[in-house]
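Novice: Protein chains in written order, with the working numbering: chain V, 27 to 250; chain S, 27 to 250.
For reference, the structure I am asking about is given below.
Number of protein chains: 2
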Amino acid sequence: MRISELAAASGVSIPTIKYYLREHLIPAGDVTSATRASYDERHVEALRLVRSLHTAGLSVAESRRIVELIAEPVEDAAAVFDVLLAVHQATSSGRGEAELRPETRALADRFGWDVDADAAAAAELQAARDAVAAAGFEIQPQVDEVYARCITEIARAEVLNHPSTSLAEAVRYSVLGAVLLERVLLAMRRLAGATIARQHVGSFRPEGVAPDEAGDQASEISSA
Amino acid sequence: MRISELAAASGVSIPTIKYYLREHLIPAGDVTSATRASYDERHVEALRLVRSLHTAGLSVAESRRIVELIAEPVEDAAAVFDVLLAVHQATSSGRGEAELRPETRALADRFGWDVDADAAAAAELQAARDAVAAAGFEIQPQVDEVYARCITEIARAEVLNHPSTSLAEAVRYSVLGAVLLERVLLAMRRLAGATIARQHVGSFRPEGVAPDEAGDQASEISSA
Chain V
27 MRISELAAAS GVSIPTIKYY LREHLIPAGD VTSATRASYD ERHVEALRLV
77 RSLHTAGLSV AESRRIVELI AEPVEDAAAV FDVLLAVHQA TSSGRGEAEL
127 RPETRALADR FGWDVDADAA AAAELQAARD AVAAAGFEIQ PQVDEVYARC
177 ITEIARAEVL NHPSTSLAEA VRYSVLGAVL LERVLLAMRR LAGATIARQH
227 VGSFRPEGVA PDEAGDQASE ISSA
Chain S
27 MRISELAAAS GVSIPTIKYY LREHLIPAGD VTSATRASYD ERHVEALRLV
77 RSLHTAGLSV AESRRIVELI AEPVEDAAAV FDVLLAVHQA TSSGRGEAEL
127 RPETRALADR FGWDVDADAA AAAELQAARD AVAAAGFEIQ PQVDEVYARC
177 ITEIARAEVL NHPSTSLAEA VRYSVLGAVL LERVLLAMRR LAGATIARQH
227 VGSFRPEGVA PDEAGDQASE ISSA
């Protein structure tokens, strides 16, 4: 099909398609003349993927890296794991090179996580917790325990319910799962938090009441 | 203290402090002469907060809104809840105005979440799931159930373990918890996912093996 037909089939405008072609976010068409190229179903699918990555908030550079990673042929299961690490590296806001401090290693150990499995994720976790502490915010130990247990359960469900029957499919699932599901999980947390906060909104005591006097109810206000 | 002393005390450069003053991200100093102002401990704290919001990835406009929300006096617990909703609204990438479709309402019902408690979060959840579907990615029903249960447990722990004894403190905790802990949770998921994927990396079967033949092991590859 021609670029105008590709635009109609994908719902993406011609200028945007040309931009994606220039940025190598979608594969080039088959050249049919000096000024024309032909596109097919692969291009419609590639456009769908790039639009999703854009909606998920990825930059052009991050999206290009993700598209490359999905396209690269992998030879065995270990390579699928390498692709996952590359995704984490490419989309980490933290400094992947950061030295891990002993307390970060101790925290990971306590929660059963292997910092050597993914240096970028471990560095990102350290940076994220540093930012929280720098704001003068303390994560309560009992909340931290729930985080560790629940997040491990989520990660386990994701890994063990993998639907793929091929390595190429496994790569696609890993990569998209890593980048697209984050926003889903955060939106769920916000909605669940608002629901629970609303249920408890009446039970918070007015300013000046000490925790002992207010009892359990003093703590029942949102942090979500 | 003078601006140079504020810079030394906070670790933030003078040009950056001046930028934050212009953008009303931190309160103005007390004017002491035509060209001088004096700053105190409140400014050091305000700078710390703004730096944390910046590290968390918030834009200047989002940060300004958060700073305003924390500073606004609240009169009762219901107002704390309103502040939380305002934070969700200010930092939602989704269209807060989006019409919820019946299946989004049904999903929230099934998971025990009240879409009327937080329209911005519900719209964000719908948009996030739409982006996932648009990429041709399907969230497995059993994974979705784990998400719902675990995320609800996380939100409940956050709400019920609130350490605040005053409304002002409750606002601060709500606002910072909403925006700063997201990055911590995502980094935890990545590290937990990499740990579990690495443990199962050897058990994924080569391309072309049907799920029936490969048994349980075929599904043991990362999606984190």
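Every residue, glycine too, gets a C-beta built ideally from N, C-alpha and C.
Computed from a predicted structure; not experimentally measured.
(1) Check whether chain S comes within 9 angstroms of R68/V, counting only Cβ atoms and requiring the distance to be less than that.
(2) How many angstroms separate the CA atom of L186/S from the CA atom of T42/V?
(3) Report all residues from its chain with a CB closer than 8 angstroms to the CB of L211/S; omit the five preceding and five following residues, and keep chain order.
(4) Could you have a look at R127/V and say whether DSSP puts it in helix, strand or coil?
(5) DSSP on T58/S, reduced to helix/strand/coil?
(6) Going by other Cβ atoms of all chains shown within 10 Å of its Cβ, with 16 needed for buried, is V152/V buried or exposed?
(7) Counting only Cβ-Cβ distances shorter than 8 angstroms, please list the residues of the segment 72–88 of chain S near chain V, keeping chain order.
(8) Going along the chain, which residues of its own chain have a beta-carbon closer than 7 angstroms to the beta-carbon of D56/S, five neighbours each way excluded?
(9) With a floor of 3 residues, list each beta strand (DSSP E) that falls wholly inside the segment 33–81 of chain S, ordered by position along the chain.
(10) When the Cα of D66/S is compared with those of S78/S, L84/S, P53/S, S59/S, which residue comes out closest?
(11) May I ask you to report which of helix, strand or coil DSSP gives V100/V?
(12) Cutting at 7 angstroms between CB atoms, please list the residues of its own chain near G138/V, excluding the five before and the five after it.
(13) Would V172/V and A183/S qualify as a contact pair, given that the criterion is a beta-carbon distance under 9 angstroms?
(14) Quick one: is A204/V buried, meaning 16 or more other Cβ sit within 10 Å of its Cβ, or exposed?
(15) To which residues of the same chain is A159/V closer than 8 angstroms at the C-beta, ignoring the five residues directly before and after it?
(16) Q168/V touches chain S at which residues, Cβ-Cβ below 8 angstroms?
(17) Return no unless some Cβ of chain S is closer than 9 angstroms to the Cβ of L202/V.
(18) What residue from L73/S, M27/S, V70/S, A82/S has the CA that sits closest to T58/S's CA?
(19) Quick one: list the residues of chain S neighbouring V38/V, beta-carbon separation under 9 angstroms, in chain order.
(20) On the three-pair Cβ rule with 8 angstroms, is the segment 98–116 of chain S touching the segment 140–154 of chain S?
(21) Going straight from the alpha carbon of S30/V to that of V227/S, what length do you get?
(22) Cα separation between A35/S and R215/V?
(23) List, in order along the chain, the chain V residues whose C-beta lies closer than 7 angstroms to that of L32/S?
(24) What is the residue span of the alpha helix (DSSP H) that T221/S lies within?
(25) With a threshold of 9 angstroms between beta carbons, is L98/V in contact with chain S?
(26) When you compare the CB of E129/V with every CB in chain S, is at least one pair closer than 9 angstroms?
(27) Are V86/S and L51/S close, meaning C-beta to C-beta below 9 angstroms?
(28) List, in chain order, every chain S residue whose beta-carbon is nearer than 8 angstroms to that of E94/V.
(29) Among residues of its own chain, excluding the 5 on either side of S89/V, which ones have a beta-carbon nearer than 8 angstroms to its beta-carbon?
(30) Excluding the 5 residues flanking A124/V on each side, which residues of the same chain have their C-beta closer than 8 angstroms to its C-beta?
(31) Use the C-beta contact count for R48/V: other C-beta atoms within 10 angstroms, 16 or more gives buried, fewer gives exposed.
(32) For T130/S, I'd like the list of residues in its chain whose CB is within less than 8 angstroms of its CB, leaving aside the five on either flank, ordered along the chain.
(33) Using DSSP with H/G/I as helix, E/B as strand and the rest coil, what is E179/S?
(34) If you follow the alpha helix (DSSP H) that L140/V is in, where does it begin and where does it stop?
(35) My output table needs one value for S89/V: the three-state DSSP class, helix, strand or coil.
(36) Report all residues from its chain with a CB closer than 7 angstroms to the CB of V16/V; omit the five preceding and five following residues, and keep chain order.
Specialist: Let's see:
(1) By one-based count along the first sequence, residue 68/V stands at place 42. Chain S contact via Cβ: absent.
(2) Taking the first residue of the second sequence as position 1, residue 186/S is located at position 160. Taking the first residue of the first sequence as position 1, residue 42/V is located at position 16. Roughly 47 angstroms separates the two Cα atoms.
(3) The residue you call residue 211/S lines up with position 185 of the second sequence. Correct list, in chain order: I180.
(4) If you number the first sequence from 1, residue 127/V lands on position 101. If DSSP states are grouped into helix, strand and coil, R127/V belongs with coil.
(5) By 1-based counting over the second sequence, the position of residue 58/S is 32. Looking at T58/S - three-state DSSP - the assignment turns out to be strand.
(6) Start at 1 with the first residue of the first sequence, and residue 152/V comes out as number 126. In the sequence under discussion, the amino acid at residue 152/V is Gln, which differs from the Val named in the question. So Q152/V ends up on the buried side.
(7) R74, L75, R77, S78, L79, T81, A82, G83
(8) Within the second sequence, residue 56/S is the residue found at index 30, counting from 1. Once the five neighbours on either side are set aside, the close Cβ partners of D56/S are A63, S64.
(9) 56–59, 62–64
(10) To locate residue 66/S, count along the second sequence from 1; it is residue 40. Nearest option by C-alpha distance: P53/S.
(11) The count along the first sequence starts at 1 and reaches residue 100/V at position 74. Three-state result, V100/V: coil.
(12) Counting from one through the first sequence, the residue named residue 138/V turns up at place 112. T178, listed in sequence order.
(13) Locating residue 172/V in the first sequence gives position 146, counting from the first residue. Locating residue 183/S in the second sequence gives position 157, counting from the first residue. A contact, by the Cβ cut-off of 9 angstroms.
(14) Locating residue 204/V in the first sequence gives position 178, where the first residue counts as 1. A204/V should be labelled buried.
(15) Counting from one through the first sequence, the residue named residue 159/V turns up at place 133. Cβ neighbours of A159/V beyond the five flanking positions: none.
(16) Taking the first sequence and counting its residues from 1, the one referred to as residue 168/V is at position 142. Near Q168/V (Cβ distances below 8 angstroms), the residues of chain S are A183, N187.
(17) The sequence position of residue 202/V within the first sequence is 176, counting from 1. It does; some Cβ of chain S falls within 9 angstroms.
(18) In the second sequence, the residue the question calls residue 58/S occupies position 32. When each option's Cα is compared against that of T58/S, the closest is M27/S.
(19) Locating residue 38/V in the first sequence gives position 12, where the first residue counts as 1. The contacting residues do not exist; V38/V stays about 12 angstroms from chain S at best.
(20) yes
(21) For the purposes of this step, residue 30/V is taken as the residue at position 4 of the first sequence. For the purposes of this step, residue 227/S is taken as the residue at position 201 of the second sequence. Approximately 44 angstroms, taken between the alpha carbons.
(22) Position 9 of the second sequence, counting from 1, holds the residue named residue 35/S. Position 189 of the first sequence, counting from 1, holds the residue named residue 215/V. One C-alpha to the other measures close to 36 angstroms.
(23) For the purposes of this step, residue 32/S is taken as the residue at position 6 of the second sequence. Those do not exist, as L32/S stays about 17 angstroms from chain V at its closest Cβ, beyond 7 angstroms.
(24) Your numbering for residue 221/S matches position 195 in the second sequence. First-last of the alpha helix (DSSP H) with T221/S: 193–226.
(25) Looking up residue 98/V in the first sequence gives position 72. Contrary to the premise, residue 98/V reads as Glu rather than Leu in this sequence. It does not: the Cβ of E98/V has no partner Cβ on chain S nearer than 9 angstroms.
(26) Indexing the first sequence from 1 puts residue 129/V at position 103. It does not: the Cβ of E129/V has no partner Cβ on chain S nearer than 9 angstroms.
(27) In the second sequence, counting from the first residue as 1, residue 86/S sits at position 60. In the second sequence, counting from the first residue as 1, residue 51/S sits at position 25. Result yes, Cβ atoms of V86/S and L51/S sit closer than 9 angstroms.
(28) Translated into positions along the first sequence, residue 94/V becomes position 68. None at all; the shortest Cβ gap to chain S is about 16 angstroms.
(29) For the purposes of this step, residue 89/V is taken as residue 63 along the first sequence, with counting starting at 1. These residues qualify, in order along the chain: L51, V76, L79, H80.
(30) By 1-based counting over the first sequence, the position of residue 124/V is 98. Excluding positions up to five away in sequence, the list reads A149, Q152, A153.
(31) Translated into positions along the first sequence, residue 48/V becomes position 22. The residue in question, R48/V, is exposed, as its Cβ has fewer than 16 Cβ neighbours within 10 Å.
(32) In the second sequence, residue 130/S corresponds to position 104, counting from 1. Closer than 8 angstroms at the Cβ level, and outside the excluded window around T130/S, lie V141, A148, L151, Q152, R155.
(33) The sequence position of residue 179/S within the second sequence is 153, counting from 1. Of the three classes helix, strand and coil, the one that applies to E179/S here is helix, per DSSP.
(34) By one-based count along the first sequence, residue 140/V stands at place 114. According to the sequence as given, residue 140/V is Asp; it is not Leu. Neither: D140/V is in no alpha helix (DSSP H) and is coded neither H nor E.
(35) In the first sequence, the residue the question calls residue 89/V occupies position 63. Of the three classes helix, strand and coil, the one that applies to S89/V here is helix, per DSSP.
(36) As displayed, chain V neither begins before 27 nor continues past 250, which places residue 16/V out of reach and without an answer.
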